[in-house]
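Below: the structure, in structure tokens.
2 protein chains.
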Amino acid sequence: VMKLEKVTRRYTMGDQTLRALDEVDFEAWPGDLLAVMGTSGSGKSTLLNVLGCLDRPTSGRYLLDGQEVSSMSRDQLARVRNRTIGFVFQSFNLLSRTSALENVELPLLYAGVPTAERQRRSAEALTQVGLRERMLHMPNQLSGGQQQRVAIARAIVGRPKVILADEPTGNLDSRTSVEVMALFQRLWREGMTVLLVTHEPDIAAYASRVITMRDGKVKSDVRQEPR
Amino acid sequence: VMKLEKVTRRYTMGDQTLRALDEVDFEAWPGDLLAVMGTSGSGKSTLLNVLGCLDRPTSGRYLLDGQEVSSMSRDQLARVRNRTIGFVFQSFNLLSRTSALENVELPLLYAGVPTAERQRRSAEALTQVGLRERMLHMPNQLSGGQQQRVAIARAIVGRPKVILADEPTGNLDSRTSVEVMALFQRLWREGMTVLLVTHEPDIAAYASRVITMRDGKVKSDVRQEPR
Ligand SMILES: Nc1ncnc2c1ncn2[C@@H]1O[C@H](COP(=O)(O)OP(=O)(O)OP(=O)(O)O)[C@@H](O)[C@H]1O
Ligand SMILES: Nc1ncnc2c1ncn2[C@@H]1O[C@H](COP(=O)(O)OP(=O)(O)OP(=O)(O)O)[C@@H](O)[C@H]1O
Ligand SMILES: [Mg+2]
Ligand SMILES: [Mg+2]
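Chains E and D, in that order, give the protein sequences.
Numbered according to my numbering, the first sequence spans residues 383 to 609.
Numbered according to my numbering, the second sequence spans residues 383 to 609.
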């Protein structure tokens, strides 16, 4: 469903060049529940951003559902991203002046879903992440872990084909993390492909496949029995 | 060194009242390396914000070094905070238009430290968190875990008496987390009091004391042999 061929993402700062991704060959299959691990700065977020069409490779090809992403128009890309991909950002990226519920409604608003259905589905997504009691709070009236869960609810509400989650349990206690991983596993069994960046082995244990990155390269790629 | 007496922090939203802290009696001693654990929304960040003078209790008393904080003037409070406390925020709070180095220099700038010494000490703090190669990067040119480490460097550069760290390893892989905890332990043995919020038992294992919060209350308080 997602294929990177010799993808490099270079950053140039003055006379220095940094390869956040270095000639990466990578393929994600429908039905993957994939954990991406690796040290701080190894390129995990960059990988996810390229897969999520939020960043373009400096060289190499990215094929999404068989179609080359660099050949799509901006409109096409925006539509594909909204319909196909749900993204949980490492720093949440919530709109600070709208409530948790309104933040979650955003993808459905773009997709033209009618108001009643939009609100019902958003309330449901927030309930699934344990935030029924906090739906009308603004982001600055929420704890760090609650903001993270609003970001997760927003990523899943549109029932996308693929969920890309960057450290979705980074601010969550063990019990809440287990609830979120159970939710991701349930969505996965219902047919969603899930890629999540995590630095915690206990969380990676829920995945069916684990890749490890270092210095912009994929160092290992292992299938396993999910927890 | 820090004492909360029957401290409550209430939030009122319409006709609802939420107690983020609920009649908390708490004391931190010089020489503590304290881990604060608890579920998402249990009040950990609120506790740290009150201890760090970034938030005021709705009722109860806060004594910092024997002095009642509510009786201090705004200037006094700002000076105490700058000189005594180093704070690592759950969401980093870096200035986006200045480099990593300049972000770390900020507490020393407020304290009137001369330029050469300020830059030397800031470069040293960044080296201690493994970011020597990234000193001149802007925050948006850094990975999540690198931004977190800039926030840590900024909190320790002023050699404060107390470090309050809210999930300092939340975005760090295991190896980098171990390096950060070794750094905190080294500062602790040099005489700093360290309070850190964490949801990871492996990180709490480095502490000499662990408190657990739930629904705005301190549920348990246990001394242990640090890892
Ligand atoms: N401005 C506010 N208005 C209303 N409620 C608030 C406000 N700020 C925080 N809260 C609530 O106070 C409670 C405690 O928040 P706090 O940030 O201290 O939790 P926490 O233990 O740090 O959680 P986490 O582990 O998710 O970071 C939460 O339930 C939150 O919704
Ligand atoms: N705009 C930029 N300019 C220069 N370098 C950048 C830029 N953005 C990212 N980098 C560098 O690219 C590397 C990879 O970053 P990335 O965010 O993908 O790491 P990561 O694996 O997600 O790390 P973490 O676990 O800390 O979140 C880092 O070393 C970072 O400093
Ligand atoms: Mg990252
Ligand atoms: Mg918090």
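Yeah, the Cβ is synthetic: ideal placement off N, Cα and C, and Gly gets one too.
Computed from a predicted model, the values in this text were never measured in an experiment.
Cβ separation of residue i and residue j, assumed to be a contact under 8 Å, to the nearest whole Å
i	j	result
Ile534/E	Val511/E	5 Å
Phe469/D	Gly434/D	5 Å
Met563/D	Ile585/D	6 Å
Arg500/E	Glu487/E	5 Å
Leu518/D	Val418/D	Their Cβ separation, rounded to whole angstroms, is 34 Å, which puts Leu518/D and Val418/D out of contact at 8 Å.
Gly442/E	Thr390/E	6 Å
Gly526/D	Ser452/E	The pair is not a contact, with the Cβ atoms about 26 Å apart (cut-off 8 Å).
Ligand 1 heavy atom lying under 7 Å from the CB of residue i
i	result
Asp437/D	no
Gln501/E	no
Lys385/D	no
Gly396/D	no
Asn553/D	no
Tyr393/D	yes
Strand pairing of residue i, partner residues [DSSP]
i	result
Gln398/E	Met395/E
Gly468/E	Ile545/E
Leu386/E	Phe408/E and Tyr444/E
Leu403/D	Arg391/D
Ligand 2 heavy atom lying under 7 Å from the CB of residue i
i	result
His519/D	yes
Leu400/E	yes
Near ligand 6: residue i beta-carbon under 7 Å from a heavy atom
i	result
Ser525/E	Although ligand 6 was asked about, the structure shown includes only ligand 1, ligand 2, ligand 3 and ligand 4 as ligands.
Proximity test, residue i beta-carbon vs ligand 3 heavy atom, cut-off 7 Å
i	result
Ser427/E	yes
Ile510/D	As written in the sequence, residue 510/D is Gln, which differs from the Ile given in the question. Outside the cutoff, so no.
Near ligand 4: residue i beta-carbon under 7 Å from a heavy atom
i	result
Val486/D	no
Val418/D	no
Asp548/D	yes
Val532/E	no
Val470/D	no
Val579/D	yes
Cutoff 8 Å: residue i Cβ touching any chain B Cβ
i	result
Ser525/E	Structure shown: chain B not included; protein chains present are E and D.
Suppose only complete runs of 3+ residues qualify. What are the beta strand (DSSP E) ranges in the segment 410 to 459 of chain D, listed by chain order?
Secondary structure remark: continuous beta strand (DSSP E) runs of at least 3 residues inside the segment 410 to 459 of chain D, in chain order: 415 to 420 and 441 to 446.
Given a limit of 9 Å on CB to CB distance, which residues of the segment 481 to 502 of chain D reach chain E?
So the list is empty, because no residue satisfies the distance condition.
Suppose only complete runs of 4+ residues qualify. What are the alpha helix (DSSP H) ranges in the segment 573 to 609 of chain E, listed by chain order?
Those alpha helix (DSSP H) runs which fall completely within the segment 573 to 609 of chain E and span 4+ residues are 583 to 586.
Please list, in chain order, the residues of the segment 529 to 557 of chain D that have any C-beta partner in chain E closer than 7 Å.
Within the segment 529 to 557 of chain D, the residues whose Cβ lies closer than 7 Å to any Cβ of chain E are, in chain order, Glu549, Gly552, Asn553, Leu554, Asp555, Ser556 and Arg557.
Output, in sequence order along the chain, the residues in the segment 419 to 448 of chain E whose CB is closer than 9 Å to any CB in chain D.
So the list reads Met419, Gly420, Thr421, Ser422, Gly423, Ser424, Gly425, Lys426, Ser427 and Thr428, given in the order they occur along the chain.
Every unbroken beta strand (DSSP E) within the segment 476 to 551 of chain D, with a cutoff of 3 residues, ordered by chain:
Fully contained in the segment 476 to 551 of chain D are the following beta strand (DSSP E) runs of length 3 or more, in chain order: 544 to 548.
If the cut-off is 9 Å on Cβ atoms, which residues from the segment 466 to 479 of chain D count as contacting chain E, listed in chain order?
Shown in chain order are the members of the segment 466 to 479 of chain D whose Cβ falls below 9 Å from a Cβ of chain E: Gln472, Ser473 and Phe474.
If contact means a Cβ-Cβ distance below 8 Å, which residues of the segment 399 to 413 of chain E contact chain D?
Correct list: empty, as no residue qualifies.
Give, in chain order, every residue of the segment 590 to 602 of chain D whose Cβ lies closer than 9 Å to some Cβ of chain E.
Those residues of the segment 590 to 602 of chain D that come within reach of chain E (Cβ to Cβ, closer than 9 Å) do not exist; the list is empty.
Using a Cβ cut-off of 8 Å, which residues of the segment 571 to 592 of chain E contact any Cβ in chain D, in chain order?
So the close ones are His581, Glu582 and Pro583.
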